[in-house]
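In the working numbering, the protein residues as written are 13 to 262. Where is the CB? At the ideal position from N, CA and C, for every residue including glycine. Computed from a prediction, not measured in an experiment: that's the story for all the values here.
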Ligand code: HEC
Ligand code: HEC
Ligand code: HEC
Ligand code: HEC
Ligand code: HEC
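In structure tokens:
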């Protein structure tokens with residue numbers, strides 16, 4: 013299945029311009045309108061979907077790269093779920109009689125997108141940007157749990173403000189550099205972790221914590237923190253501004 017790894021562009025996304033000065037910071041919060049679990053789905057509870065799509069099958073077992081299906085995640089603010097066409101690149105030929113795939117075939121024939129239920133979200137007054145995190149080497153599992161092991165997708169984190177700030181104040185605690193292979197860009201290291209898992213290669217303690225979607229279990233010894241600080245510097249992460257309100261509320 014090696015040919016399924018997409019021919020991703022080698023260019024690193026040019027960091028999105030962030031205009032801070034002059035942008036009024038208006039936070040519209042009407043106490044009761046704010047739910048602390050935005051998507052109203054529970055952490056660690058698989059969410060019912062029109063098709064029982066399994067990341068475990070497609071990612072860990074078949075080794076399909078995240079970007080084959082979430083093609084804009086590394087460059088854009090928003091990730092998106094794949095169109096039916098992406099499923100049909102394979103399922104027009106394999107498992108063509110599976111009843112589980114009926115809704116996929118129907119969607120294909122009628123041109124009506126599959127109505128996937130949203131697992132993760134933050135409230136509208138919170139700004140989030142995927143590309144900014146992926147290009148700095150923040151692994152998907154830090155925020156989404158052990159995706160490559162999910163038979164049905166669940167929410168990995170509640171996305172509370174204090175949780176986002178934990179990392180924004182001390183990113184060195186959470187940055188991990190998956191070892192092995194060629195010298196990789198931070199972005200490529202994110203996806204290399206999944207490749208190692210799919211190939212059953214041994215993982216060190218920090219990689220293992222990420223694979224399990226448990227960023228709080230990344231070892232915090234001197235060796236790790238020193239590496240973390242080096243990564244913050246190499247990746248030109250501007251820690252000073254990262255906990256300013258306007259970063260996430262603008
Ligand atoms: C073969 C296609 C495919 C691949 C490969 C794939 N995904 Fe997905 N992903 C989907 C589909 C379809 C959904 C929507 C259904 C669901 O939530 O399970 C989804 C949903 C998600 C969601 C939840 C979206 C929401 O509603 O909040 C996350 C997070 C996610 N994927 C992360 C990943 C990561 C990380 C990888 C790589 C390790 C990956 N995906 C690989 C197809 C794929
Ligand atoms: C790169 C090829 C490929 C793509 C793309 C792909 N699949 Fe699959 N899918 C497979 C293969 C191979 C199997 C059989 C897995 C097995 O049981 O070993 C499978 C199995 C399935 C199954 C049933 C097996 C199970 O128990 O999980 C469902 C449902 C499914 N795929 C849904 C989807 C959906 C929805 C998409 C699009 C978001 C998709 N697939 C995209 C290759 C693919
Ligand atoms: C720093 C935390 C973080 C990282 C790292 C991260 N995500 Fe997300 N992801 C989020 C948040 C927060 C949301 C909800 C965003 C919103 O509501 O707009 C989300 C939403 C999503 C969605 C749902 C998009 C939709 O259209 O419904 C998908 C799919 C997804 N992420 C995939 C990924 C993949 C794949 C990766 C790794 C390549 C990744 N994410 C890395 C925090 C993260
Ligand atoms: C594990 C670490 C980590 C977590 C968790 C995390 N972030 Fe970040 N975030 C970063 C890093 C690193 C950057 C890149 C900053 C830089 O390069 O200067 C970033 C950048 C951002 C930016 C863009 C800042 C800019 O300059 O434009 C936004 C917005 C953001 N994060 C929001 C969030 C939100 C909201 C959450 C929680 C849902 C979150 N982040 C969780 C590490 C993290
Ligand atoms: C790294 C991103 C990030 C930064 C920086 C940030 N926030 Fe938030 N904020 C969030 C997220 C995510 C939520 C929604 C989840 C929640 O309520 O915990 C939120 C919610 C809020 C709420 C809603 C109240 C509530 O508890 O439901 C207020 C008010 C708020 N933020 C104010 C601020 C102020 C003031 C600052 C600067 C001191 C700030 N935020 C900095 C991410 C951030």
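Shortest gap from the CB of residue 137 to any heavy atom of ligand 4: 7 angstroms or more. Cβ contact annotation for residue 201 (same chain, cutoff 7 angstroms, sequence separation greater than five): 149, 189 and 190, in chain order.
A direct Cα-Cα distance of roughly 26 angstroms separates residue 132 from residue 250.
Residue 167 is bridged by DSSP to 55. Ranking 91, 99, 119 and 69 by CA distance to the CA of residue 130 puts 91 first. Relative to ligand 3, the beta carbon of residue 91 is positioned inside 7 angstroms of a heavy atom.
If only uninterrupted alpha helix (DSSP H) runs of at least 4 residues are considered, those enclosed by the region 180-248 are 198-210, 217-223 and 234-246. Using a cutoff of 7 angstroms, the CB of residue 81 counts as near ligand 2, since one of the ligand's heavy atoms is closer than that.
For residue 161, no alpha helix (DSSP H) segment is defined, and its DSSP state is neither H nor E. Placement of the Cβ of residue 231 at a distance of 7 angstroms or more from every heavy atom of ligand 4 is found. In terms of Cα proximity to residue 67, the closest of 173, 170, 252 and 160 is 160.
With a threshold of 7 angstroms, the Cβ atom of residue 70 counts as near ligand 2, since some heavy atom of the ligand is closer than that.
In this structure residue 180 is in contact with residue 254, their Cβ atoms being roughly 4 angstroms apart against a cut-off of 8 angstroms.
Annotation: residue 220 to residue 61 spans about 28 angstroms, alpha carbon to alpha carbon. In the structure shown, residue 85 adopts coil according to DSSP, grouped into three states. Nearest neighbour of residue 186 by Cα position, chosen from 236, 105 and 106, turns out to be 236. Residue side-chain check: residue 158 keeps its Cβ at 7 angstroms or more from all non-hydrogen atoms of ligand 4.
DSSP, reduced to helix, strand and coil, places residue 124 outside both helices and strands of the structure shown, so it counts as coil. Residue 260 counts as buried, since at least 16 other C-beta atoms from the protein chains shown sit within 10 angstroms of its C-beta.
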